[in-house]
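There are 2 protein chains.
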Amino acid sequence: MDVKTTCLGVLVMGNATGYEIRKAFEYGPFAHFADGGFGSIYPAIAKAESPGMVTCKKHKQQKRPAKKIYAITDMGREHLFSTLKKDPGEDKFRSNFLFALYYADALPAEWIDEIITKRIADYKQKIECLVNINNQYCDDKNIAPTLIRHKGIEYYKAMLGIISNKKDKFIAAAIDNRNNNIKQP
Amino acid sequence: MDVKTTCLGVLVMGNATGYEIRKAFEYGPFAHFADGGFGSIYPAIAKAESPGMVTCKKHKQQKRPAKKIYAITDMGREHLFSTLKKDPGEDKFRSNFLFALYYADALPAEWIDEIITKRIADYKQKIECLVNINNQYCDDKNIAPTLIRHKGIEYYKAMLGIISNKKDKFIAAAIDNRNNNIKQP
DNA sequence: GTTTAATATATCGCTTCGATATATTGAACT
DNA sequence: AGTTCAATATATCGAAGCGATATATTAAAC
Numbered sequence: 265m266d267v268k269t270t271c272l273g274v275l276v277m278g279n280a281t282g283y284e285i286r287k288a289f290e291y292g293p294f295a296h297f298a299d300g301g302f303g304s305i306y307p308a309i310a311k312a313e314s315p316g317m318v319t320c321k322k323h324k325q326q327k328r329p330a331k332k333i334y335a336i337t338d339m340g341r342e343h344l345f346s347t348l349k350k351d352p353g354e355d356k357f358r359s360n361f362l363f364a365l366y367y368a369d370a371l372p373a374e375w376i377d378e379i380i381t382k383r384i385a386d387y388k389q390k391i392e393c394l395v396n397i398n399n400q401y402c403d404d405k406n407i408a409p410t411l412i413r414h415k416g417i418e419y420y421k422a423m424l425g426i427i428s429n430k431k432d433k434f435i436a437a438a439i440d441n442r443n444n445n446i447k448q449p
Numbered sequence: 265m266d267v268k269t270t271c272l273g274v275l276v277m278g279n280a281t282g283y284e285i286r287k288a289f290e291y292g293p294f295a296h297f298a299d300g301g302f303g304s305i306y307p308a309i310a311k312a313e314s315p316g317m318v319t320c321k322k323h324k325q326q327k328r329p330a331k332k333i334y335a336i337t338d339m340g341r342e343h344l345f346s347t348l349k350k351d352p353g354e355d356k357f358r359s360n361f362l363f364a365l366y367y368a369d370a371l372p373a374e375w376i377d378e379i380i381t382k383r384i385a386d387y388k389q390k391i392e393c394l395v396n397i398n399n400q401y402c403d404d405k406n407i408a409p410t411l412i413r414h415k416g417i418e419y420y421k422a423m424l425g426i427i428s429n430k431k432d433k434f435i436a437a438a439i440d441n442r443n444n445n446i447k448q449p
């Protein structure tokens with residue numbers, strides 16, 4: 265999905281500045297299926313303004329550049345929903361962590377130990393975080409955010425179980441190779 | 265991870281042409297954590313050749329451009345493994361399917377039904393595929409591919425359970441909105 | 001008093017993606 | 001026998017996007 269469309273997806277939920285759109289991609293439900301940095305958001309939202317998909321109100325501030333609050337228009341909504349009516353295609357998953365594990369037998373055992381230990385802590389924290397959201401905000405009406413929350417919890421739990429289970433084997437493979445001095449770079 | 269490094273990751277497993285590197289990103293274990301199209305592989309591998317990270321042997325063919333078989337060098341291995349010793353960062357997950365579901369109440373109920381039904385069939389097929397690989401090739405020595413396989417199976421099973429469970433609610437939300445004629449684009 | 005984090009906007013160059021072009025072989029179908 | 005289709009194989013180009021960086025202020029934390 266291009267950044268222009270994901271920005272419209274944020275704006276359909278309410279008016280926002282470029283900075284606030286960015287935050288939506290970094291935290292909250294959007295972070296689980298979309299992204300975009302400043303370097304893509306600002307040009308994308310500017311490109312959406314000229315054909316009238318969004319409007320921009322400048323909100324003056326003292327000693328600071330004017331805050332630009334963007335609002336979606338009917339044309340913007342139309343663009344968003346017609347794009348969503350196209351084939352979504354496959355999901356994409358990218359992981360430098362799994363990429364590194366693939367070569368565990370050529371990397372130092374300490375490093376493998378470190379990244380797996382860190383990852384386990386990360387997943388535990390993320391699960392806790394997603395479980396807590398439930399107790400505070402979620403209700404049955406907002407089905408999509410609930411689905412995304414469930415998906416996150418299930419995914420992190422699965423990964424946690426698998427890497428906890430295989431941790432010792434990966435470290436053993438790395439140590440084993442160090443003793444043999446074959447693939448070591 | 266940049267394409268040059270992921271290409272080196274494929275070549276460390278054995279010599280390959282650009283076309284074969286592409287196939288590794290599309291099918292097999294690499295597809296679960298890395299990617300790259302022709303448009304990025306060819307320039308990346310060419311850029312890796314000049315400093316000597318890979319060597320290229322031209323294999324002449326009749327009535328066809330010469331096949332270029334790339335092989336990794338010690339320098340290439342060093343580059344790969346030193347890159348893998350850096351912080352892998354967070355995993356990335358992108359999904360136009362979840363993006364569309366987020367606006368289910370503004371999309372036609374038939375469309376929501378269609379994409380969920382398709383996705384359920386897709387996940388079932390992918391699970392079957394990953395389970396079958398086990399029976400044919402996998403052994404306990406190749407820990408990383410096994411981990412990736414397990415991760416895939418667990419992930420698809422989790423998603424399958426969640427979307428099967430929520431399917432009716434999503435369609436109901438879409439139908440509900442059509443009756444109210446509010447958000448309909 | 002100083003440092004750090006958060007708010008806020010924006011640009012620039014390098015990388016990467018998607019679409020497209022070209023050409024041949026072999027299998028499958030009619 | 002002829003045709004179509006999928007796979008093999010290489011490669012380019014423009015559009016899009018990413019990461020790093022720059023600037024500036026406020027408020028909280030130490």
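Line by line, the protein sequences are chains U and E.
Under the working numbering, the very last position in the first sequence is 449; numbers go up by exactly one each time.
Under the working numbering, the very last position in the second sequence is 449; numbers go up by exactly one each time.
Just so you know, even glycine gets a beta-carbon here, dropped at the ideal spot from N, CA and C.
> Residues of chain U with a CB under 8 Å from the CB of residue 363(E): which are they?
Replying inline: Within the second sequence, numbered from 1, the residue matching residue 363(E) stands at position 99. Result: 265, 270, 273, 297, 298, 348 and 352.
>> For the region 405-418 of chain U, list every residue whose C-beta sits within 7 Å of some C-beta in chain E, in sequence order.
In response: 407, 408, 411, 412, 414, 415 and 418
>> Buried or exposed, going by whether 16 or more other CB atoms sit within 10 Å of the CB of residue 307(E)?
In response: Numbered from 1 along the second sequence, position 43 holds the residue referred to as residue 307(E). With fewer than 16 other Cβ atoms within 10 Å, it is exposed.
> By Cβ distance, which residues of its chain are closer than 8 Å to residue 395(U), with the 5 residues on each side in sequence left out?
Replying inline: On the first sequence, position 131 is the one that residue 395(U) refers to. The answer, listed in chain order, is 417.
>> Mapping the DSSP letters down to three states, classify residue 318(U) as helix, strand or coil.
In response: The residue labelled residue 318(U) in the question sits at position 54 within the first sequence. Three-state result, residue 318(U): strand.
> Of all the options 304(U), 406(U) and 296(U), which has the alpha carbon lying nearest to the alpha carbon of residue 269(U)?
Replying inline: Position 5 of the first sequence, counting from 1, holds the residue named residue 269(U). Ranking the options by Cα distance to residue 269(U), first place goes to 304(U).
>> Relative to the C-alpha of residue 406(U), which candidate in 280(U), 278(U), 353(U) and 293(U) has its C-alpha closest?
In response: Position 142 of the first sequence, counting from 1, holds the residue named residue 406(U). When each option's Cα is compared against that of residue 406(U), the closest is 293(U).
> What does residue 345(E) touch in chain U if you count any residue whose Cβ is under 8 Å from its own?
Replying inline: Locating residue 345(E) in the second sequence gives position 81, counting from the first residue. Residues of chain U passing the Cβ test: 367, 370, 371 and 449.
> Along chain U, which residues have their Cβ under 7 Å away from the Cβ of residue 426(E)?
Replying inline: Residue 426(E) sits at position 162 when you count from the first residue of the second sequence. Within 7 Å Cβ-Cβ: 411, 414, 415 and 418.
> In three-state DSSP terms, what is residue 297(E)?
Replying inline: Counting from one through the second sequence, the residue named residue 297(E) turns up at place 33. The answer is coil: DSSP assigns residue 297(E) none of H, G, I, E or B.
> Mind checking whether the beta-carbon of residue 290(E) lies closer than 8 Å to any heavy atom of the ligand ATP?
Replying inline: This structure simply doesn't include the ligand ATP, nor any ligand for that matter.
> Do residue 334(E) and residue 354(E) have their C-beta atoms within less than 9 Å of each other?
Replying inline: Numbered from its first residue, the second sequence carries residue 334(E) at position 70. Numbered from its first residue, the second sequence carries residue 354(E) at position 90. No, the pair does not count as a contact, with Cβ atoms beyond the cut-off.
> Which whole runs of the beta strand (DSSP E) in the region 342-411 of chain E are 3 residues long or more, in chain order?
Replying inline: 356-358
>> Assuming the contact rule is C-beta atoms closer than 8 Å, residue 373(U) and residue 438(U) should be a hit. Round their C-beta distance to whole Å, please.
In response: Taking the first sequence and counting its residues from 1, the one referred to as residue 373(U) is at position 109. Taking the first sequence and counting its residues from 1, the one referred to as residue 438(U) is at position 174. 4 Å between Cβ atoms; contact.
> Is the region 358-374 of chain U in contact with the region 340-352 of chain E, if contact means three or more CB pairs nearer than 8 Å?
Replying inline: yes
> With distances taken between CB atoms, is the gap from residue 282(E) to residue 322(E) smaller than 9 Å?
Replying inline: Locating residue 282(E) in the second sequence gives position 18, where the first residue counts as 1. Locating residue 322(E) in the second sequence gives position 58, where the first residue counts as 1. Contact: no.
> residue 359(E) versus chain U: which residues are under 7 Å apart at the beta carbon?
Replying inline: By one-based count along the second sequence, residue 359(E) stands at place 95. What residue 359(E) touches in chain U: 297 and 355.
> How big is the Cα-Cα spacing for residue 387(U) and residue 423(U)?
Replying inline: Position 123 of the first sequence, counted from the first residue, corresponds to residue 387(U). Position 159 of the first sequence, counted from the first residue, corresponds to residue 423(U). Approximately 8 Å, taken between the alpha carbons.
> What is the residue span of the alpha helix (DSSP H) that residue 453(U) lies within?
Replying inline: Because chain U in this structure spans residues 265 to 449, residue 453(U) falls outside the shown range and cannot be described.
> In terms of alpha-carbon separation, which member of 428(U), 414(U), 420(U) and 425(U) lies closest to residue 429(E)?
Replying inline: As a first step, residue 429(E) is located in the second sequence; it is residue number 165 there, counting from the start. The candidate whose alpha carbon is nearest that of residue 429(E) is 414(U).
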